[in-house]
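Asker:
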Amino acid sequence: MKIDKGLIGGSTNLLVLTLLQEQDRYGYEIIKELESRSDSTFLFKEGTLYPVLHKLENNGLVTSYMVKGETGKERKYYKITSKGQKQLAEEKQTWETFSVSVNKVIGGNAHAFS
Numbered sequence: 001m002k003i004d005k006g007l008i009g010g011s012t013n014l015l016v017l018t019l020l021q022e023q024d025r026y027g028y029e030i031i032k033e034l035e036s037r038s039d040s041t042f043l044f045k046e047g048t049l050y051p052v053l054h055k056l057e058n059n060g061l062v063t064s065y066m067v068k069g070e071t072g073k074e075r076k077y078y079k080i081t082s083k084g085q086k087q088l089a090e091e092k093q094t095w096e097t098f099s100v101s102v103n104k105v106i107g108g109n110a111h112a113f114s
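Numbering (UniProt numbering), first residue to last: 1 to 114.
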């Protein structure tokens, strides 16, 4: 099933910050993890993800640093900041309120974060 881009766009920060809360990651790793965990519902292209990461970085929600890999190629890793942690908590609360309210209207079960 194809998901509306508006729905995905509205939740991208929440998804990316959640992954970065678990551990620092590089862009392609974020793309693959989103794809894997969502059973291929979230299929981001680099051209979609990197502007999001740059915006998060410009807003002080993440920082980045370079790491040289085994092959000698450098990768840019992203790390959530304390400001990003606060933003993530707010976004999770907003998503929780939204999803519970939608489910009440459509008659589904309420979803809660574990």
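Idealized CB from N, CA, C, for every residue including glycine.
Mapping DSSP to helix, strand and coil, what is Thr-63?
Answerer: Strand.
Asker: How would you call Leu-43, buried or exposed, if buried means at least 16 neighbouring beta carbons within 10 angstroms?
Answerer: Exposed: under 16 other Cβ atoms inside 10 Å.
Asker: Run the CB neighbour count on Gly-27, radius 10 Å, all protein chains shown included, and call it buried at 16 or more, exposed below.
Answerer: So Gly-27 counts as buried.
Asker: Do you know how far the Cα of Tyr-78 is from the Cα of Arg-25?
Answerer: Rounded to the nearest angstrom, the two C-alpha atoms are 5 Å apart.
Asker: I believe Thr-12 touches Val-52 by the beta-carbon criterion, under 8 Å. Please report the beta-carbon distance rounded to the nearest angstrom.
Answerer: Indeed, because the Cβ distance is near 5 Å, the residues count as touching under 8 Å.
Asker: What are the boundary residues of the alpha helix (DSSP H) that includes Lys-73?
Answerer: Note, Lys-73: premise wrong, no alpha helix (DSSP H); not H, not E.
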